[in-house]
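Reviewing the structure listed below.
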Amino acid sequence: MSKYPWQGMELKIHPLFWFMMGISIWTGYFLEVITLFVLVIIHELGHVSAAWSYEWRIYSIELLPFGGVVKTDKWGNVPAKEEIVVALAGPFHHLGLILVSYFFFEFGLWTKDWTEYFIQGNVWLALFNLLPIYPLDGGRVMHACLSYFFPFRQCMFWVTVISLILSVLLLLSAIFLSHSVHFPLLCISVFLITANFKEMKHKKIQFLRFLLERYYQGVHPNYALKRLTVSVNEPLEHIINRWYKEKYHVLEIVDEVGRPISFIPEEEILSQYFQNPYGRLHP
Numbered sequence: 001m002s003k004y005p006w007q008g009m010e011l012k013i014h015p016l017f018w019f020m021m022g023i024s025i026w027t028g029y030f031l032e033v034i035t036l037f038v039l040v041i042i043h044e045l046g047h048v049s050a051a052w053s054y055e056w057r058i059y060s061i062e063l064l065p066f067g068g069v070v071k072t073d074k075w076g077n078v079p080a081k082e083e084i085v086v087a088l089a090g091p092f093h094h095l096g097l098i099l100v101s102y103f104f105f106e107f108g109l110w111t112k113d114w115t116e117y118f119i120q121g122n123v124w125l126a127l128f129n130l131l132p133i134y135p136l137d138g139g140r141v142m143h144a145c146l147s148y149f150f151p152f153r154q155c156m157f158w159v160t161v162i163s164l165i166l167s168v169l170l171l172l173s174a175i176f177l178s179h180s181v182h183f184p185l186l187c188i189s190v191f192l193i194t195a196n197f198k199e200m201k202h203k204k205i206q207f208l209r210f211l212l213e214r215y216y217q218g219v220h221p222n223y224a225l226k227r228l229t230v231s232v233n234e235p236l237e238h239i240i241n242r243w244y245k246e247k248y249h250v251l252e253i254v255d256e257v258g259r260p261i262s263f264i265p266e267e268e269i270l271s272q273y274f275q276n277p278y279g280r281l282h283p
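With UniProt numbering applied, the sequence shown covers 1 to 283.
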């Protein structure tokens, strides 16, 4: 574990961030843009600090106009509680910044107008990031919460579907809810739609990484036992699609009439799957 959260971390800035910053500077909002840039960095450092406290390895952080994306070495097998804490750490930091702004205002260090702008910026960033849309913080919280009740593969699917629907609603809001097009919201909604289509395209690869991590590193010893009943010669892909995030799976094999034959641990299923992903179960 590194001594500091930012050690070995690569900082990236998404082209959309530069694009919206350029427009804001061109329209005379230079100070406001710099403030937004600082708020986004503090927001992401909240995620980084929380992830580091759980000993996650952090590869990079990419800044976006509404927050950012922190890339780690975790592929879905960390406890959902940790994912929720890491996701909420960013918006939580805005609460502290709002309290600081009140302090500066009360002691005459900031004007009323600047304090109001600073608070509005923090509130906007926090609430927007809590929307249940991937890759926003709210989308990650939604995925973690759903993992308590549904198999991991289903969680991936429904999070993407819900995110796409809400992103399209944001796009329509940007176009039709006011007399003129809300250009920043339009850009952000297009980015979210693109990100979720990309997520849908790559979900099989991400699920494979989830399985590989379980195969090579095992699961947490405190995971609850989950018994799944499967038929002889059932396709392996059907079996692993029923796996949960925080469960250790033991398969009860039954014959054609439903009589138990044997029990197989998930390590054996993973071994069979990686030997032949499109094969069938061999008791």
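Note that beta-carbon positions come from the ideal geometry of N, C-alpha and C, so glycine has one too.
Coarse secondary structure for residue i, derived from DSSP in three states
i	result
residue 72	strand
residue 245	coil
residue 55	coil
residue 281	coil
residue 84	helix
residue 256	coil
residue 64	strand
residue 235	strand
residue 133	coil
residue 123	helix
residue 177	coil
residue 48	helix
residue 109	coil
residue 78	coil
Where the beta strand (DSSP E) containing residue i begins and where it ends
i	result
residue 228	224-231
residue 265	260-265
Same chain, Cβ closer than 8 Å to residue i, neighbours up to 5 away in sequence not counted
i	result
residue 117	32, 35
residue 187	16, 19, 20, 65
Proximal residues to residue i (C-beta, below 6 Å), its chain only, five neighbours per side dropped
i	result
residue 146	155
residue 74	56
residue 261	253, 255, 283
residue 68	44, 61, 62
residue 24	33
Cβ pair residue i, residue j closer than 7 Å
i	j	result
residue 278	residue 248	no
residue 232	residue 255	yes
residue 72	residue 58	yes
residue 310	residue 17	The structure shown does not extend to residue 310, since the chain is modelled only from 1 to 283, so the question has no answer here.
residue 77	residue 153	no
residue 60	residue 12	yes
residue 189	residue 171	yes
residue 244	residue 151	yes
residue 250	residue 227	yes
residue 234	residue 281	yes
residue 144	residue 80	yes
residue 168	residue 175	no
Beta-carbon contacts of residue i that lie in its chain and below 7 Å, excluding the five residues immediately before and after
i	result
residue 93	42, 43, 46
residue 225	248, 250
residue 130	91, 137, 138
Terminal residues of the alpha helix (DSSP H) in which residue i lies
i	result
residue 11	Looking at the DSSP string, residue 11 is not in any alpha helix (DSSP H); the run it does join, the beta strand (DSSP E), is 10-13.
residue 216	183-217
Give a yes or no on contact between the region 190-197 and the region 133-140, applying the rule of three or more CB pairs nearer than 8 Å. A contact between stretches requires three or more CB pairs, one per stretch, nearer than 8 Å, and the region 190-197 meets this requirement with the region 133-140.
Looking at C-beta atoms only, is the number of pairs between the region 149-163 and the region 114-128 that lie closer than 8 Å three or more? no
Is there contact between the region 44-55 and the region 105-114, where contact requires at least three CB pairs shorter than 8 Å? no
Is there contact between the region 211-223 and the region 261-276, where contact requires at least three CB pairs shorter than 8 Å? yes
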